[in-house]
């Protein structure tokens, strides 16, 4: 309501745009069916292990997922750090929602529900400041996950409804599974794998002559397939990004083992808080700035 411009551009206070970012965003609006465009968020302050892990996550998870969902027209979040919206559609919806902690995802799904297209623009690059300590990181990600749960619950009526296309049949169920079920199931799978491996090693140590190594070979074989697939997917994500530091790929294995467990903890905490009906505030992260 503060502008009469046809297109609204949104960014975070800690974000720096590349010079051609705005032009790359707005060119999509020549198509009147486009309601919003998502930009490409990258970590600007790659200063320690935590921010490097977040950099890998942005490249191999968030941005890669957005590229895939773009093909299906079911992008579930236009990032608050860089995104463009058609003003008339935002006004039609009633503006940015204020009853969830993930207002960007909330508005994105509302736009898709009305039949508009949301594009992804990988060449519209923005550098954002990521939390560089675990306290700030957990606070931010808890808010993100909790907000996503709120959005999923708010729009649950479209889940598995063919009327809403890939949004209802694929994207929203995908969020539900990976935000509510996966954080509880996956650690059990990891623990089972670890226990099985330990049991094999103990049995082999106790019965070195009689014990067959076939079970150990099977476990290591299938786990190697999983790790290899994950690595090649990560390499693909790096290939799709322009001018990325390929040396970061060397951190993927460690990032997957350690970072993943932290995200499981945050996911479980958010789900349990939601079940208990706990109130969650926005919180405030310490901003230190970074050099571009």
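Residue numbers (the numbering used here): 6 to 297.
We put the beta carbon where it would ideally sit given N, CA and C, even for glycine.
Heavy atom of the ligand PLP within 6 Å of residue i beta-carbon
i	result
residue 105	With respect to the ligand PLP, the structure shown offers nothing to examine, as it has no ligands at all.
Euclidean distance between Cα positions of residue i and residue j
i	j	result
residue 7	residue 28	22 Å
residue 229	residue 58	22 Å
residue 47	residue 33	21 Å
residue 224	residue 103	48 Å
residue 92	residue 139	37 Å
residue 126	residue 233	29 Å
residue 53	residue 16	24 Å
residue 197	residue 269	16 Å
residue 262	residue 195	10 Å
residue 164	residue 173	4 Å
residue 49	residue 120	34 Å
residue 94	residue 116	7 Å
residue 75	residue 38	14 Å
residue 23	residue 241	23 Å
residue 20	residue 12	19 Å
residue 258	residue 235	9 Å
residue 272	residue 68	20 Å
residue 31	residue 123	12 Å
Helix, strand or coil at residue i [DSSP, three-state]
i	result
residue 47	strand
residue 165	coil
residue 101	coil
residue 8	coil
residue 40	strand
residue 81	coil
residue 16	strand
residue 26	helix
residue 107	coil
residue 186	helix
residue 89	strand
residue 180	helix
residue 52	coil
Residue burial classification, residue i (beta-carbon count within 10 angstroms, cutoff 16)
i	result
residue 219	exposed
residue 239	buried
residue 155	buried
residue 183	exposed
residue 107	buried
residue 45	buried
residue 282	exposed
residue 2	Past the edges of the chain, shown from 6 to 297, lies residue 2, and the structure says nothing about it.
residue 167	exposed
residue 213	exposed
residue 9	exposed
residue 266	exposed
CB-CB length for residue i against residue j, believed under 8 Å
i	j	result
residue 71	residue 43	6 Å
residue 64	residue 246	6 Å
residue 176	residue 131	About 23 Å; that fails the 8 Å criterion.
residue 180	residue 81	6 Å
residue 84	residue 111	Not confirmed; about 13 Å, so no contact.
residue 88	residue 41	6 Å
CB contact below 7 Å: residue i versus chain B
i	result
residue 186	Reference to chain B is not applicable here, since this structure consists of a single protein chain.
Ranges of the alpha helix (DSSP H) found wholly within the stretch 214 to 288, counting only runs of at least 4: 219 to 245, 257 to 281
What beta strand (DSSP E) runs, 3 residues minimum, are completely inside the stretch 115 to 153? 122 to 133
Alpha helix (DSSP H) segments (min. 4 residues) lying fully within the stretch 54 to 81: 54 to 62, 69 to 77
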